[in-house]
Amino acid sequence: MNERIISAADMMLQAANINIDSANEICSVWKKVVSGVHSFKHDAEDSDQRMPLGERLAGNTRVIDLKNGVLLVEADHSGWIQYLRMYQNFILKGLKMNLPNLKITNLAFRVAGEKVSLSETYEQQLAKSRRQQAEMFERQEKELKKFSPAAANSGNKNKSELPPELLAKFNNITKIISADENDSQ
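This note's numbering numbers the first residue of the sequence shown as 10 and each following residue consecutively.
Shown next, in the form of structure tokens:
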């Protein structure tokens, strides 16, 4: 066969910059490390009728992606993700020991069937965090405006409840902030 002809699967892996050997290595190390998870002592765990927790976790989870040190793992059910989170430190240490060149720093999880990738998860979390910060700043801004010098002149009773020494410090801080804003513009 011609050396320039490769399989479609190999083309896809090359396009994704994934080496077949390293992908297989990650999967096999994942199974090995997760199989090593042992739950707390439980009668059913030692019986011949049930598999140990680690083997059940390994059988119900799969490595999906590795990006920027975050390993995306898919589980068959959200209950398995709870177990993975409980044993996350153990799993990360095992992965770091067995795959030190990959520098895996964190694990991300999804339930099978969800179309979540690592980049989507990050972007969604970033947008949510920005919205929460903006809402928090708006609430704080409204609270601060209750105590501003303009509110005192309008007869706002919240302003009169401040002790004079605190009111003086608040006014000084307001002047400093205003001066800094004018200097930066």
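The beta-carbon is built from N, C-alpha and C at its ideal position, and this holds for glycine as well. All values reported here derive from a predicted model rather than from experimental measurement.
Alpha-carbon to alpha-carbon, residue j and residue i
| i | j | result |
| --- | --- | --- |
| LYS102 | GLU147 | 42 Å |
| TYR96 | ARG139 | 30 Å |
| VAL72 | GLU83 | 6 Å |
| VAL38 | ALA117 | 17 Å |
| GLN149 | THR183 | 14 Å |
| LEU175 | GLN141 | 29 Å |
Rounded distance between the beta-carbons of residue j and residue i, thought under 8 Å
| i | j | result |
| --- | --- | --- |
| ARG119 | LEU81 | 7 Å |
| THR70 | LEU104 | Not quite, the Cβ-Cβ distance comes to about 13 Å (not below 8 Å), so this is no contact. |
| GLY63 | GLY88 | Actually they are not in contact, since the Cβ atoms of GLY63 and GLY88 sit about 15 Å apart, beyond 8 Å. |
Residue i - partner residues in DSSP beta bridges
| i | result |
| --- | --- |
| PHE146 | According to DSSP, which records beta bridges pairwise, PHE146 is partnered with nothing at all. |
| ASP85 | ASP85 is not bridged to any residue. |
| THR70 | ALA84 |
Closest by C-alpha distance to residue i, when choosing among the options
| i | options | result |
| --- | --- | --- |
| CYS2 | ILE14, HIS47, LEU75 | Past the edges of the chain, shown from 10 to 194, lies residue 2, and the structure says nothing about it. |
| ILE90 | GLY68, LEU108, PRO109 | GLY68 |
| ASN33 | VAL79, ALA177, HIS86, LEU108 | LEU108 |
| ASN110 | GLU123, GLN133, ASN77, PHE99 | ASN77 |
| ASP85 | LEU153, GLU132, GLY122 | GLY122 |
Residue-level contact to chain D via CB, residue i, 7 Å cutoff
| i | result |
| --- | --- |
| ASP74 | Of the protein chains in this structure there is only one, and it is not chain D. |
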